[in-house]
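Q: I am attaching a structure below and will ask some questions about it afterwards.
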Amino acid sequence: MAISNLTLRSAAALWGDSGEDMALDTNGTDLFQPAGELYFYHPGDSCDVIDSNVDMLWLERIHLEEITVSPTRNGKVQVSYQGQPILRMKGVELIRTEEGCFSLNYWLN
7 MAISNLTLRS AAALWGDSGE DMALDTNGTD LFQPAGELYF YHPGDSCDVI DSNVDMLWLE
67 RIHLEEITVS PTRNGKVQVS YQGQPILRMK GVELIRTEEG CFSLNYWLN
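Residue numbers (my numbering): 7 to 115.
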């Protein structure tokens, strides 16, 4: 079930782009605080590993049926797009596709 009326408080944002990530509103670092962070991914961006907590993964121009999510041995989740790994991250609670925003539990069940 998609989550509607999502409110993020004082969110920081990180964009993946060919390994040159750009973070906004993170006090000059790429390390995120415990709540309110977004990671934006577009088709063609590089595969990233994110060790800090990210609350929402926002997949732009990507559809629900193109994504798989699986847990890893080290406490992260791996997100794959069209069968190819795109992210390994920890702390993600929500994943947004073109169809809407879904909790991590939706993907893992």
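Glycine residues also receive a C-beta, built at the ideal position from the N, C-alpha and C atoms.
(1) Which residues in the same chain as GLY89 place their Cβ atom closer than 8 Å to its Cβ, once the five residues preceding and following it in sequence are excluded?
(2) Looking only at DSSP bridge pairs, what is GLN84 linked to?
(3) Measuring straight from C-alpha to C-alpha, what distance separates THR32 and GLU71?
(4) Who pairs with LEU70 in a beta bridge, going by DSSP?
(5) Thinking just about the alpha-carbon of each residue, which of ILE56, PRO77, ARG94, PHE46 is nearest to the one in ARG67?
(6) Which same chain residues end up closer than 8 Å to GLU26 when comparing Cβ atoms and leaving out the 5 residues on each side of it in sequence?
(7) Kindly indicate the opening and closing residues of the alpha helix (DSSP H) around ASN111.
(8) Count the other C-beta atoms from every protein chain shown that fall within 10 angstroms of the C-beta of ARG15, then say buried if there are 16 or more, exposed otherwise.
(9) Looking only at its chain, what residues have a beta carbon closer than 6 Å to the beta carbon of CYS53, apart from the 5 residues adjacent to it on each side?
A: According to the structure shown:
(1) Start at 1 with the first residue of the sequence shown, and residue 89 comes out as number 83. Once the five neighbours on either side are set aside, the close Cβ partners of GLY89 are THR74.
(2) The sequence position of residue 84 within the sequence shown is 78, counting from 1. SER76, ARG94, per the DSSP bridge assignment.
(3) Mapped onto the sequence shown, residue 32 falls at position 26. Mapped onto the sequence shown, residue 71 falls at position 65. In this predicted model, THR32 has a pLDDT of only 46, less than 50, meaning its place in the structure is not dependable; the value taken from the coordinates is given anyway. Roughly 32 Å between the two C-alpha positions.
(4) Along the sequence shown, read from residue 1 onward, the residue named residue 70 stands at position 64. None; LEU70 has no bridge partner.
(5) Residue mapping note: residue 67 aligns to position 61 of the sequence shown, counting from 1. Nearest C-alpha to ARG67: PHE46.
(6) Along the sequence shown, one-based indexing puts residue 26 at 20. At GLU26 the pLDDT is 47, less than 50, meaning the model places this residue with poor confidence; the figure from the coordinates comes in the next sentence. Excluding positions up to five away in sequence, the list is empty.
(7) Translated into the one-based positions of the sequence shown, residue 111 becomes position 105. Its alpha helix (DSSP H) spans residues 110-114.
(8) Here the question's residue 15 lines up with position 9 in the sequence shown. Confidence in ARG15 is poor, its pLDDT being 41 and thus under 50, which makes the residue's placement unreliable; the coordinate value appears in the next sentence. Exposed.
(9) On the sequence shown, position 47 is the one that residue 53 refers to. Here the set comprises PRO91, ILE92.
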